[in-house]
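Residue numbers in the sequence shown follow the UniProt record's numbering, run continuously in steps of one, and reach 275 at the last position.
Here is the structure we will look at.
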Amino acid sequence: MIRKCLFPVAGYGTRFLPATKSMPKEMLPVVNKPLVQYGVEEAVEAGLNNITFVTGRGKRAIADHFDISYELEHQIAGTAKEEYLTGIRSIIDKVNFSFTRQHEMKGLGHAILTGEPLIGDEAFGVVLADDLCIGGEYDGVMAQMVKLFKQFRCTIVAIQEVPEDEVHKYGVIAGESISDDIFRVTNMVEKPKKEDAPSNLAIIGRYILTPDIFEKIRETPPGANGEVQITDAILRQAQEGCVIAYKFKGRRFDCGSVDGFVEATNYCYENIYKS
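Quick look at the structure:
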C-alpha cells in the first residue's frame, strides 16, 4: 500500500516573474484555489494521506496554506464565507504534512533524494504541482497509477503524446507495448533534440517510485543542464528491473507556462468552478 506522496516545490518559478518574486509559483490560483492544493487533493483521492514537501527559501506560504488560520476563521465564523474553507479544512483534517528544505537547486533527482528521510523504505508518489491533471470522468491520475502499481509493483511514470517539436522540453521514453496505454520502458532520454528522441511519449509530473530509487539517484552523475535528472536514475531501474510507463486518462495542463496556466484557469472555471 502506498501512503506517501512527495511534492518538490523548491523551484523559483522564473517564468511567472514578477508574480513569483515573493510568492511561491505553487500558490498561483487557478480560479479560487492554488495549484498545489489541486495536487494534494489528487494525492489524497488516491489514498496518499502523508504529504511531504521539499521546499526552499521563500516557500513558507505553502506551509501556512495547509494550516489553520485562527484569525481568519474567527472573522468569517457564522457567515456564508465559511463554506469557502470547507475543502482546505477537509484536507487539513485528513492529511499528515511534513516539510524539508532543498538548500541547493540541483535538479528534480536531487529534490527527491532530499525527501528520503521523510519517505523511508517504501514506495511513494511524486506530484509536480506545475502539471495540473484533471481526471474528469475518470479517477485522478495518481489514483489510476496506484491501481497500476498494485498490479506491477514497480516504478511507474505517467506519459502523454506530445508534438515532435516539443519533445526537447521533456523526458521521453521508448518502450515495449503491453497494452494500448501501458509500456515497459526500454529507454529514457531527458530533453532530447527532435532528431534524437526515441518517441513522442513524454513523461509528465506524476510518478510512483520504489525506494531503491534513492540509491540510484546517489549513483547518478549530473546530466542535462548540469542537474541530477530523475530520468537518468529511473532508466537505471528500467535496465536492471522493470519500469512501467502509463498513458493516463484525463487532461493535463502545463501550468509552468503562462499559456498552459491560462488554459487551465479557463477550463477549471467552466468545468469545475461553475458546475
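Quick reminder that beta carbons are idealized off the backbone N, C-alpha and C, glycines included.
Contact belief for residue i with residue j at Cβ below 8 Å, rounded distance in angstroms
i	j	result
Leu-201	Val-126	18 Å between Cβ atoms; not a contact.
Ile-156	Met-145	5 Å
Ile-217	Ile-112	7 Å
Met-142	Glu-42	5 Å
Ile-92	Ile-76	That pair is no contact at about 16 Å.
Lys-94	Leu-48	The pair is not a contact, with the Cβ atoms about 11 Å apart (cut-off 8 Å).
Contact set for residue i: own chain, Cβ-Cβ below 7 Å, skip 5 residues either direction
i	result
Asp-165	Lys-194
Thr-265	Val-30 and Val-31
Ile-178	Arg-184
Val-167	Pro-192, Lys-194, Ala-197, Asn-200 and Ala-202
Thr-114	Val-54, Thr-100 and Gln-102
Glu-82	Ile-76
Neighbour-count burial assignment, residue i, 16 or more Cβ in a 10 Å radius
i	result
His-110	buried
Arg-206	buried
Gln-151	exposed
Ala-238	buried
Gly-87	exposed
Ile-2	buried
residue 318	Lying outside 1 to 275, the shown extent of the chain, residue 318 is not represented and no answer is given.
Pro-117	exposed
Met-105	exposed
Pro-8	buried
Tyr-38	buried
Tyr-138	exposed
Val-258	exposed
Glu-190	buried
Leu-72	exposed
Ala-46	buried
Cut-off 8 Å between Cβ atoms - residues of its own chain near residue i, not counting five sequence neighbours on either side
i	result
Pro-211	Ile-119, Gly-120, Asp-121, Glu-122, Ala-123 and Phe-124
Glu-161	Asn-200, Leu-201, Ala-202 and Lys-247
Thr-220	Gly-109, Val-228, Gln-229, Asp-232, Ala-233 and Arg-236
Cys-154	Thr-210, Gln-237, Gly-241, Cys-242, Val-243 and Ile-244
Residue i CB to nearest heavy atom of the ligand GDP below 7 Å
i	result
Glu-116	Among the components of this structure there are no ligands whatsoever, and the ligand GDP is therefore not found.
Cutoff 6 Å; reference residue i; Cβ partners in own chain excluding five residues on either side
i	result
Gly-175	Phe-183, Arg-184, Val-185, Thr-186 and Ala-245
Pro-34	Met-27
Gly-135	Gly-250
Cys-255	Leu-35, Asp-130, Leu-132, Phe-261 and Ala-264
Pro-24	Lys-59, Ala-61 and Ile-62
Ser-98	Thr-52 and Leu-118
Beta carbon proximity, residue i to chain C, threshold 8 Å
i	result
Gly-115	Protein chains in the displayed structure number just one, and chain C is not present.
N- and C-terminal bounds of the beta strand (DSSP E) containing residue i
i	result
Cys-5	4-8
Asp-212	No beta strand (DSSP E) holds Asp-212; DSSP gives it neither H nor E.
Thr-100	96-101
Lys-247	243-247
Where the alpha helix (DSSP H) containing residue i begins and where it ends
i	result
Leu-85	Looking at the DSSP string, Leu-85 is not in any alpha helix (DSSP H), and its letter there is neither H nor E.
Asn-266	258-268
Ile-230	230-240
Checklist entry - Which full runs of the alpha helix (DSSP H) of 4+ residues lie inside the segment 13-77, going along the chain? => result Listed in chain order, the complete alpha helix (DSSP H) runs (minimum 4 residues) inside the segment 13-77 are 35-45, 60-65 and 70-76.
Item to check | Within the segment 115-195, ranges of the alpha helix (DSSP H) (whole runs, at least 4 residues) | outcome: Qualifying alpha helix (DSSP H) stretches, in chain order: 116-119 and 141-152.
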